[in-house]
Amino acid sequence: MKRYSSDKNINQTIRSLIKSGWSFRNGRKHSSVISPSGIRLCIPSTPSDYRAWYNFNRDIKHISSRHG
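Residue numbers (the UniProt record's numbering): 1 to 68.
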């Protein structure tokens with residue numbers, strides 16, 4: 001099973017996004033997920049802030065509500 005981030009909640013979120021039609025792209029420094037509408041969102045691979053998962057979910061909801 002591929003690990004997208006060192007945070008288990010972010011990994012689980014990314015797996016569910018990929019199953020729902022988003023795509024994953026490796027980058028040189030930061031990997032990202034791309035929404036079905038083409039909006040790119042960087043993945044916090046080694047989050048040092050406890051709010052990283054909450055911020056990531058907020059960004060996903062924002063992208064989904066405006067462009068989905």
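Even glycine gets a Cβ: it sits at the ideal position worked out from N, Cα and C. Note that the structure is predicted; figures quoted are calculated from it, not measured.
(request) Following the continuous alpha helix (DSSP H) through I63, name the residue where it begins and the one where it ends. (result) From DSSP, the alpha helix (DSSP H) with I63 extends over 52-67.
(request) Whole angstroms is fine: what's the gap from N9's alpha carbon to K29's? (result) One C-alpha to the other measures close to 21 angstroms.
(request) Indicate the three-state DSSP secondary structure (helix, strand or coil) for I34 in the structure shown. (result) If DSSP states are grouped into helix, strand and coil, I34 belongs with the strands.
(request) Output the boundary residues of the alpha helix (DSSP H) element that contains S16. (result) From DSSP, the alpha helix (DSSP H) with S16 extends over 8-19.
(request) Please classify Y54: is it buried, with 16 or more other beta-carbons within 10 angstroms of its beta-carbon, or exposed? (result) Exposed, by the Cβ-count rule.
(message) According to DSSP, simplified to helix, strand and coil, what is R40?
(response) It is a strand residue.
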